[in-house]
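Trainee: Got a structure for you, written out below as structure tokens; questions coming shortly.
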Amino acid sequence: IYAKMAFGLKRGGTPANELRAMYANAVRRKSSLSPVYRHWDETLRGSAAGRMAKAMQSTLPASEFGLLSIAEENQALVQGLEFLAVSVKRVGEMRSGFITAIRSTALPLFMLLCGIVATDWYFFPQLEETLARREWPIVTRLVATIAHELGSVMAIFMLFAPILIGAWIWSL
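Just so you know, we're using the numbering used here here: the sequence shown kicks off at 260 and counts up by one.
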């Protein structure tokens with residue numbers, strides 16, 4: 260949206276004409292953004308009194324609104340829109356990279372934790388049948404204790420995991 264607007268303004272268009280054209284194109288394509296364009300166009304012609312940042316204020320994040328408002332006040336709207344277009348693209352790339360990093364480490368970590376818990380549930384009880392826990396080597400006792408505690412924590416986590424995952428995804 261920002262890149263389209265900057266391109267139109269570079270060609271000599273006005274914010275009102277560009278928003279009207281974007282709205283007409285969105286209606287023709289039956290885009291889900293047409294109500295947003297209509298709101299911006301109506302607000303720009305009405306209460307915003309020709310100020311594009313004020314027209315878009317209710318639908319933009321505060322950081323983007325602040326930058327757009329400053330650019331408009333300094334008569335650098337085209338440069339501000341171009342900067343926002345690049346910034347939004349870069350933020351999307353960073354978010355995608357972050358999510359990819361989380362996904363690439365989450366599965367191996369989950370498999371390791373499941374392996375430790377499975378060891379606690381299967382291997383250590385069999386070992387206790389043949390040898391009392393107090394006679395185990397110190398490292399084996401330590402691993403068994405950690406695995407048991409980790410199993411308890413994972414059981415609690417599994418109860419709340421859908422809520423935590425949903426909240427995390429919603430926050431992005």
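Positions of the beta carbon are idealized from the N, C-alpha and C atoms, including for glycine.
Taking just the CA atoms, how far does Ser430 sit from His407?
Mentor: Between His407 and Ser430, the C-alpha separation is close to 32 Å.
Trainee: With Pro367 as the anchor, note down where its alpha helix (DSSP H) starts and where it stops.
Mentor: 336-377 is the span of the alpha helix (DSSP H), which, as asked, contains Pro367.
Trainee: Shortest alpha-carbon distance to Glu301 belongs to which of Arg287, Gln316, Thr378, Arg349?
Mentor: For the residues Arg287, Gln316, Thr378, Arg349, the minimum Cα distance to Glu301 belongs to Gln316.
Trainee: Roughly how many angstroms lie between the CA atoms of Asp379 and Gln385, to the nearest whole one?
Mentor: Roughly 10 Å between the two C-alpha positions.
Trainee: Contact between the segment 338-354 and the segment 264-273 is defined here as three or more beta-carbon pairs at a separation below 8 Å; is this criterion met?
Mentor: Touching, yes.
Trainee: Which residues in the same chain have their Cβ closer than 7 Å to the Cβ of Tyr296, if we skip the five residues on either side of it in sequence?
Mentor: Result list for Tyr296: Leu278, Met281, Tyr282, Ala285, in chain order.
Trainee: Give a yes or no on whether the C-beta atoms belonging to Val347 and Tyr261 are separated by under 8 Å.
Mentor: Result yes, Cβ atoms of Val347 and Tyr261 sit closer than 8 Å.
Trainee: Could you check the C-alpha separation between Arg270 and Gln334 for me, to the nearest Å?
Mentor: Going by the C-alpha atoms only, they are around 16 Å apart.
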